[in-house]
Amino acid sequence: MGQSDAVQQAAERLDSAVDQLETFVRQVFAEAEDGVSLTALREQIRFLTDERDRLLHDLDTEKSRGRRLAAANEEVSGRLEAVMMTLKDLMPAAPG
0 MGQSDAVQQA AERLDSAVDQ LETFVRQVFA EAEDGVSLTA LREQIRFLTD ERDRLLHDLD
60 TEKSRGRRLA AANEEVSGRL EAVMMTLKDL MPAAPG
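5 is the number that this note's numbering gives to position 6 of the sequence shown; each next residue is one higher, with no gaps.
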C-alpha cells in the first residue's frame, strides 16, 4: 500500500469519525428533552477519542514510512549516479 493510499484511508476514516460525531451530537440535542444518558455520551466520546488516537498513530506511521522511502530514494539515486559516472569514465571515447 502506497503512502498516499494509507493517508487517504486514514483521512477517510477521520471523515467518517467526524460524521459519526456530528450525527451523535445531533441526536444528543434532539433527545436532550427525553433525558439522553450522560453515560452514552461519554461512551461515544471515548470511542471517537480512541478512533482519533488510532488515526493519529496510523498517520504518524505513514509519515515515518514516507520519510524512510524518501531517504532510500535519495541513496539509490546517488548510487545510480555514481555508477553512471563510473561507466561513462570506463567507456572509450567515440572517434570523430
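All C-beta atoms in this analysis are idealised placements derived from N, C-alpha and C, irrespective of residue type, glycine included.
Are the beta-carbon atoms of E61 and A5 separated by less than 8 Å?
Residue 61 sits at position 62 when you count from the first residue of the sequence shown. Residue 5 sits at position 6 when you count from the first residue of the sequence shown. Yes. Within cutoff.
Hey, L47 and Q19 are a contact pair by Cβ (cut 8 Å); roughly how many whole angstroms apart?
Working through the sequence shown from its first residue, we reach residue 47 at position 48. Working through the sequence shown from its first residue, we reach residue 19 at position 20. The Cβ separation is near 7 Å, so the contact holds.
Which first and last residues belong to the alpha helix (DSSP H) in which S76 is found?
Here residue 76 corresponds to residue number 77 of the sequence shown, with the count starting at 1. First-last of the alpha helix (DSSP H) with S76: L37 to L89.
Which residue wins for smallest C-alpha separation from F23, given the options I44, A71, L54 and Q8?
Stepping through the sequence shown from its first residue, residue 23 is reached at position 24. Comparing Cα-Cα distances from F23 to each of I44, A71, L54 and Q8, the minimum goes to I44.
Inspect the beta-carbon positions of L13 and V27 and report whether they are closer than 8 Å.
Reading the sequence shown from its first residue, position 14 is the one you call residue 13. Reading the sequence shown from its first residue, position 28 is the one you call residue 27. Cβ atoms of L13 and V27: not closer than 8 Å.
Short check: CB of A9 to CB of L54, under 8 Å?
Within the sequence shown, the letter at position 10 stands for residue 9. Within the sequence shown, the letter at position 55 stands for residue 54. Yes. Within cutoff.
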